[in-house]
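Trainee: Each residue of the sequence shown is one higher than the last, beginning at 17 in this note's numbering.
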Amino acid sequence: MNQNSFKNKDKLLDNLTLPIVFLDMLLDEKYGFLSHTQSEKIVKIKENVLDAVTLIKS
17 MNQNSFKNKD
27 KLLDNLTLPI
37 VFLDMLLDEK
47 YGFLSHTQSE
57 KIVKIKENVL
67 DAVTLIKS
């Protein structure tokens, strides 16, 4: 892989960190404003983001 590919990979991973943190905040029970269905959808989105991170790292 060339140097640009590594830089792009790092940038993608950096850009995915904030959504993961945000989704974790939404799922935090102390906020408690999400319905069960909304929480399930957010968990699914988080799983997809984490899957993307895994694919990018591989």
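Beta carbons are placed, not taken as given, at the ideal position from N, Cα and C, and that holds for glycine.
Report all residues from its chain with a CB closer than 6 Å to the CB of L75; omit the five preceding and five following residues, and keep chain order.
Mentor: The structure shown has nothing for residue 75, since the chain only spans 17 to 74.
Trainee: Measure the alpha-carbon distance for S74 versus E56 and round it to whole angstroms.
Mentor: About 27 Å.
Trainee: From the DSSP output, in three-state form, read off E63 for me.
Mentor: Here E63 sits in helix by DSSP.
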